[in-house]
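Mapping the sequence shown onto our numbering, position 67 (from 1) lands on 67, and the numbers just tick up by one.
We put the beta carbon where it would ideally sit given N, CA and C, even for glycine.
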Amino acid sequence: MTDREKFAADDADGSDVRARIIEAAAELISSGGPDAATTRAVASAAGVQAPTLYRLFGDKRGLLAAVIEHEMTRYVSAKSKRRPHPDPLQDFRDGWDMHVAFGLGHPGLFALMSSDPQLLSQSPAQGDGEAVLRRRIRNIALAGRLRVSEERAVGLVSAMGTGAVLTLLAQPEGQRDLGLADAAREAAVAAITSEAVTPANAEVRAVATALRASVARLRVLSKGESLLLSELLERIADAE
């Protein structure tokens with residue numbers, strides 16, 4: 001098939017070609033990060049000529065915006081269909097956990113969205129996702145359990161949620177401190193309500209944290225003993 005014939009075939013079935021290109025770009029971003037989704041690589045993976053991408057998406061940013069919209073539409077649709085928990089605060093916690101799971105399951109896409117807020121702002125699905133968060137915050141307010149403005153609560157939750165996911169993504173996959181996401185969630189709850197869950201053995205953990213901070217001052221332990229004690233105290237301080 002000549003290039004002219006291929007272009008004609010692409011145009012004749014434009015919606016299917018567009019979907020195929022988006023899926024190919026999403027897979028490349030998932031496996032290799034945003035930099036892997038070069039025009040040439042996407043065209044090759046989708047089985048089209050590079051000019052087809054430009055005709056359908058304008059440029060690479062247009063393609064990336066389409067990928068974000070595609071993946072966010074899937075995510076927000078699933079999020080919207082989830083039956084709300086009758087307790088608005090537990091419903092918020094469930095939504096937070098879903099957000100973290102999405103970020104960890106789509107590291108390349110999440111990195112792209114976080115590094116280019118302008119690109120993300122072009123996604124209608126992102127607006128729908130924020131609307132879901134705003135409804136959850138509104139329900140907490142209606143229950144009389146919100147202690148800051150709804151706008152401040154949305155901003156705090158968005159900042160803390162994104163920060164938690166990016167911090168976890170920066171850690172080696174097999175060594176991620178997943179308890180950090182739960183701790184960040186409860187810190188967010190504490191910031192917008194007065195109902196954060198008090199960690200078990202909080203006093204013991206506080207003592208362990210203080211002692212660990214002082215290990216370097218001890219002169220009665222060998223270097224190896226200090227390292228071992230420091231590791232044990234860290235485990236106690238971060239225990240679930």
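Alpha carbon to alpha carbon, how far is Glu130 from Glu225?
50 angstroms
Residue ranges of each alpha helix (DSSP H) run of no fewer than 4 residues wholly in the stretch 132-180, ordered along the chain?
150-170
Does Ser123 pass the burial test, meaning 16 or more other C-beta atoms within 10 Å, or should it be called exposed?
buried
Taking just the CA atoms, how far does Glu173 sit from Asp3?
No answer about Asp3 holds up, because its pLDDT of 39 lies below 50 and its placement is not dependable.
Quick one, which of Thr39, Glu23, Val67 and Ala46 has its alpha-carbon nearest Leu119's?
Val67
Got a sec? Which residues, its chain only, sit under 6 angstroms from Ile236 by beta carbon, not counting five neighbours each side?
Ala208
Under 7 angstroms Cβ to Cβ from Ala41, same chain only, skipping five residues before and after it: list those, please.
Leu28
Under a three-way DSSP split, which group does Glu69 fall into?
helix
Quick one: residues in its chain with C-beta nearer than 7 angstroms to the C-beta of Thr247, no 5 flanking neighbours on either side, listed in chain order?
Because the chain spans 1 through 240 in this model, residue 247 falls outside it and cannot be assessed.
Kindly provide the ranges of any alpha helix (DSSP H) runs that are 4 or more residues long and lie completely inside the stretch 28-54, ordered along the chain.
39-46
Integer-rounded CB distance, given that Asp91 should sit under 8 angstroms from His139:
Per the sequence shown, the amino acid found at residue 139 is Asn instead of His. Rounded, the Cβ-Cβ distance is 7 angstroms, consistent with contact.
Distance between beta carbons of Val132 and Val76, contact taken as under 8 angstroms:
7 angstroms
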